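Notes follow the structure.
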Amino acid sequence: MKPWIDRKILETEAEGFVKRNGYFLRTHAARISGLVEVAVYNSVVSFYEAQEYKLNVLFPGPKKSFVYRLKSSGLITGFSCFEAVHMTTGETVLILQNVKLQSAHDDHLYYTPDIVVCSPSGAITAEQKNGRRHSYVSKDGVLTFVEVKHLIPSPELLFSFSGLVLEFAPDFIAGCIATTRRAGHLTPILVFTGVPSEHSERIAQSLTKRYGVNIIFCTQKTEGRIASFTELNKYRNSQQSALPVTVTNDPQTGL
Amino acid sequence: MKERGHTYSSDNGGADSWKMNLQVDDKSLITALTNGIGAVLGRRARSSFFELARRLPGVPEFNGLEVSSQQQIVDILALAVFYDTVVFPLKGGMAFQEIAKRAGVTHVRIGRDKLTDKFSRNMQLCVNDFHVLLRHVEVPVDLLSFATLSNFVRGVIALAEQRENEALDRQKDPGD
């Protein structure tokens, strides 16, 4: 291998870059770090757009803005999300941020992933016993979910993701759903912003082979998107697309 | 004089500890890239880079290379880590704004924080500037995205060989 980069030029270029952009990066560091989650959401939206889904924004904010949801509190209708409608089949999915997901085993248990993809009938707003309304994605309507971790991938985090999938989408662990590399829906994804150790890489490879899950590390992203969609596990959804519905009570949980 | 080289230990307590060649400078470039961008982004970029650099000597293809080639790989790794920590979120924000605007949205709010036009312009300038840097040193952006460290090393070696072959072809057929 013959090197081609002149180190002096590279270092000068790097120093020049920091001189020109350092102030912007310094003053907006927290905001820039927060954009990682948006970038992953963008990746999921782009995945559907690339598969000939037409994108519509639901629940726009003031002046037709897109209000990205950062906290789990609040109703689905209080924040914007993308609705993706397949141009040929008409299949519709909602791509939500930070909405509670119902456990597959116990209707009263929830957890909030960073991104959830569900069928329109899966996004439920219901009244609880105390009279307050809450929004969640039902266990029957969830198609996939994404967890973004601003951490270095550790064995504990990697193995505990299997536990999350077991609780909220157990079919991907039980092997009831055939996975493919071809287009369809993505299986549950865990994204790390930190760098994995060799051992963590090995764990991720083993888990993604055994289960219908995807584990993405920091270095697998480019152009503002997850780079390797073709290499990710996907599946075909056998459920029929349901019409969008608004549920005003919660018969399943009785809350 | 700049301090050069680190000795790294592997995960298993150093039983088969990897050693970066002391002639390889693994500090200058990451320092140049992060000195002045603030502690939040800078610390994250540096810790990620040193974690990956620590493991480079464990990649067999890396060990077989001459010092100058190892240096090249270490430098491109610094660019990759910087890209991932700083440029990727900016590009993600920009790409999301594009998609949202195509869907008829006027602007994006992250919670209560509005992504203003000025912020968008600065994001664009910063990303473009980094791409100019990559062009000047002839590093394709695809090289900065990789699944494993071995893939990354193999990618750099393959690109270097491709460049060598193209240079040879040009020598043989100067008319092309």
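Chain order of the listed sequences is G and V. The numbering used here numbers the first residue of the first sequence as 9 and each following residue consecutively. The numbering used here numbers the first residue of the second sequence as 3 and each following residue consecutively. For each residue, glycine too, the CB sits at the ideal point set by N, CA and C. Values in this document were obtained by computation on a predicted structure and should not be read as measured data.
In this structure residue 95 (chain G) does not touch residue 71 (chain V) by the C-beta definition: roughly 49 Å separates them, more than the 8 Å allowed. Below the 8 Å Cβ cutoff, chain G contributes 9, 11, 12 and 13 as neighbours of residue 74 (chain V), in chain order.
If only complete runs of 4 or more residues are kept, the region 82-139 of chain V shows the alpha helix (DSSP H) at 90-104 and 119-138, in order along the chain. The DSSP-derived three-state label of residue 105 (chain G) is strand.
For residue 31 (chain V), the chain G residues whose Cβ falls inside 9 Å of its Cβ are 15, 18, 19 and 22, in order along the chain. Across the region 25-42 of chain G, CB contacts with chain V closer than 9 Å involve 25, 26, 27, 28, 29, 30, 31, 32, 33, 34, 35, 36, 37, 38, 39, 40, 41 and 42, in sequence order along the chain. Of G:198, G:89 and G:47, the smallest CA-CA separation from residue 64 (chain G) is found for G:89.
Ranked by Cα distance from residue 103 (chain V), the first of G:160, G:73 and G:106 is G:73. Secondary structure of residue 157 (chain G) (DSSP, three-state): strand.
When only Cα atoms are considered, residue 122 (chain V) and residue 144 (chain V) end up about 24 Å apart. Using beta-carbon distances, residue 170 (chain V) does not count as an interface residue toward chain G, since no partner is under 7 Å. With a threshold of 16 other beta carbon atoms within 10 Å, residue 167 (chain V) falls short and is exposed.
Distance between residue 31 (chain G) and residue 36 (chain V), taken at the CA atoms: about 12 Å. CA-to-CA, the gap between residue 41 (chain V) and residue 64 (chain V) works out to about 31 Å.
Counting the other Cβ atoms within 10 Å of the Cβ of residue 167 (chain G) gives fewer than 16, which makes it exposed. Listed along the chain, the chain G residues whose CB falls inside 9 Å of the CB of residue 37 (chain V) are 23, 26 and 30. Per DSSP, the unbroken alpha helix (DSSP H) holding residue 16 (chain G) starts and ends at 15-35. Pairing residue 131 (chain V) with residue 159 (chain V), the inter-Cα distance amounts to about 26 Å. Listed as beta-bridge partners of residue 40 (chain G) by DSSP are no residues whatsoever. With respect to the 7 Å criterion, residue 156 (chain G) and residue 124 (chain G) are not classified as neighbours on the basis of their beta carbons. Residue pairing by DSSP leaves residue 84 (chain G) without any beta bridge partner. In the displayed model, residue 166 (chain V) falls within a helix according to three-state DSSP. Close to residue 93 (chain G), with beta-carbon spacing below 8 Å, lies no residue of chain V; the smallest spacing is near 12 Å.
Three or more Cβ pairs closer than 8 Å define a contact, and the region 106-124 of chain V meets that threshold against the region 68-88 of chain G. For residue 78 (chain G), the nearest CB of chain V lies under 7 Å from its own CB, placing it at the interface with that chain.
Within the DSSP secondary-structure output, residue 132 (chain G) pairs in a beta bridge with G:144. Between residue 47 (chain V) and residue 87 (chain V), the CB-CB gap stays under 7 Å. The contact set of residue 154 (chain G) on chain V, defined by CB atoms closer than 7 Å, is empty, because the minimum CB distance reaches about 13 Å. For residue 207 (chain G), the enclosing alpha helix (DSSP H) begins and ends at 206-218. Per DSSP, residue 225 (chain G) lies in no alpha helix (DSSP H) segment and is marked neither H nor E.
Between the region 36-51 of chain G and the region 71-86 of chain V there are fewer than three C-beta pairs closer than 8 Å, too few to call the two in contact.
A Cβ-Cβ separation of about 21 Å leaves residue 54 (chain V) out of contact with residue 92 (chain V) under the 8 Å criterion. Look at residue 51 (chain V) here: in three-state DSSP terms it is helix. Secondary structure note for residue 138 (chain G): it is in no beta strand (DSSP E), with a DSSP letter that is neither H nor E.
94, 95, 96, 97, 98, 101, 102, 104, 105, 106, 107, 108, 109, 110, 111, 112, 113, 115, 116, 121 and 124: these are the residues of the region 94-124 of chain V whose beta carbon lies less than 8 Å from some beta carbon of chain G, given in chain order. Rounded to the nearest angstrom, the gap between the Cα atoms of residue 136 (chain V) and residue 128 (chain G) is 43 Å.
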